[in-house]
Amino acid sequence: NEERRRPVLELASLDWNQWHLIAKQIEQEREVASFVSRHKFDVNSKWRET
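Read left to right, the sequence shown gives residues 291 to 340 (the numbering used here).
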């Protein structure tokens, strides 16, 4: 239980600005991931086109 509680306490000690940045990063990563999985385009072929 101690092992599990420690990371939670570390997160709780973050200030709100840090929380906000982390949340934004996670959101962006999810958006990018869902975008990529939706379109499933080949990045390399996109680059070759231009």
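Don't be surprised by glycine CBs; every beta carbon is placed ideally from N, CA and C.
Separation of residue j from residue i, as counted between CA atoms
{"i": "I316", "j": "R295", "result": "22 Å"}
{"i": "W306", "j": "A313", "result": "10 Å"}
{"i": "H310", "j": "L299", "result": "17 Å"}
{"i": "E319", "j": "Q308", "result": "17 Å"}
{"i": "F325", "j": "L304", "result": "30 Å"}
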